[in-house]
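Each residue of the sequence shown is one higher than the one before, counting from 1 in UniProt numbering.
Just so you know, even glycine gets a beta-carbon here, dropped at the ideal spot from N, CA and C.
Predicted model only: the values in this text are computed from it and were never measured.
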Amino acid sequence: ASPAPLRIAVSTRGPLVGVPVTHAYATAAREAGKVLGGLGHRTATEDPPYPFWLGTTALAHWTAGTYRDSEGLDPALLAPRTRRHAALGARCVRGVERGERREQLRRRLEPFFARHDVLLTPALARRGPLAGPWHERGWLRNLLTNTRCSPFTPVWNLTGWPALSLPFGYLASGAPCAIQLVGAPGRERQLLDVAAALEEQRPWQRTAPLP
């Protein structure tokens, strides 16, 4: 059954400057919004006020985490891309651990979630890269490929607020598409209810044969 009517914001604008969202993923988010509107939820198109410094802050946290994870390990045993990632993180770790940008981001986004119960976005900006020896490729190539594919999730990793990804729709190739649902702290139950309602309306079909 559908949960009680909620205020749902639908946004297809990427959080990071210069990272476009492909048509298929944007369409999936809009279509999910239409389904929820048909269930009685109040949907509106509105983009969160992502700050211009989000990209550099996300990178600082990502690299600082790698630096902390690599402490005590022999650098010679790490892949070159990982060594470079950790080296950059060593320069960022003190600022990251002070947590000032993380707190600024939360304060900036709180008014948005005072107006909306749930944010609905694409889960990805484009289909993930093909499998390959990415550990042998350069750090910058890895960084740009990951950023172009997945700009929507880092912001919520930074805030620590609840978010989930849900299969919804298909790419032209037949590969599955997906959306993301985000809520303010303590809204996990609402996100699960919305996800269950979407799954009930658009049951996920098996896309691979049973072995």
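Inter-residue Cα distance where the pair is residue i and residue j
| i | j | result |
| --- | --- | --- |
| L54 | R202 | 33 Å |
| D193 | S70 | 39 Å |
| R106 | T145 | 27 Å |
| T45 | A58 | 25 Å |
| V17 | R137 | 24 Å |
| A195 | D74 | 43 Å |
| F112 | E188 | 17 Å |
| G186 | A76 | 43 Å |
| R83 | P48 | 34 Å |
| T159 | G38 | 30 Å |
| T43 | L166 | 18 Å |
| E97 | T56 | 15 Å |
| K34 | V93 | 42 Å |
| T12 | S173 | 21 Å |
| G95 | G72 | 21 Å |
| P129 | A178 | 16 Å |
| S150 | R68 | 23 Å |
| L36 | A87 | 45 Å |
| R115 | R7 | 8 Å |
| T27 | P133 | 31 Å |
Where residue i sits in the DSSP three-state scheme
| i | result |
| --- | --- |
| T147 | helix |
| A4 | coil |
| P167 | strand |
| A90 | helix |
| R202 | coil |
| A79 | coil |
Rounded Cβ spacing between residue i and residue j (contact assumed at less than 8 Å)
| i | j | result |
| --- | --- | --- |
| F152 | L198 | About 17 Å separates the two Cβ atoms, so there is no contact after all. |
| A29 | P154 | Not confirmed; about 17 Å, so no contact. |
| residue 227 | P15 | The question about residue 227 has no answer here: the residues shown for the chain are numbered 1 through 211. |
Cβ-Cβ distance between residue i and residue j below 8 Å
| i | j | result |
| --- | --- | --- |
| R102 | A175 | no |
| A79 | L171 | no |
| V21 | A125 | yes |
| D117 | Q190 | yes |
| G89 | A64 | yes |
| L140 | A9 | no |
| A184 | W161 | yes |
| V19 | R148 | yes |
| H85 | T66 | yes |
| N142 | R81 | yes |
If we require 3 or more residues per run, which beta strand (DSSP E) segments fall completely within the region 9–73? 42–45
Jot down the residue ranges of each uninterrupted alpha helix (DSSP H) in the UniProt domain "Amidase" (98–192), minimum 4 residues, whole runs only, in chain order. 100–115, 139–149 and 154–159
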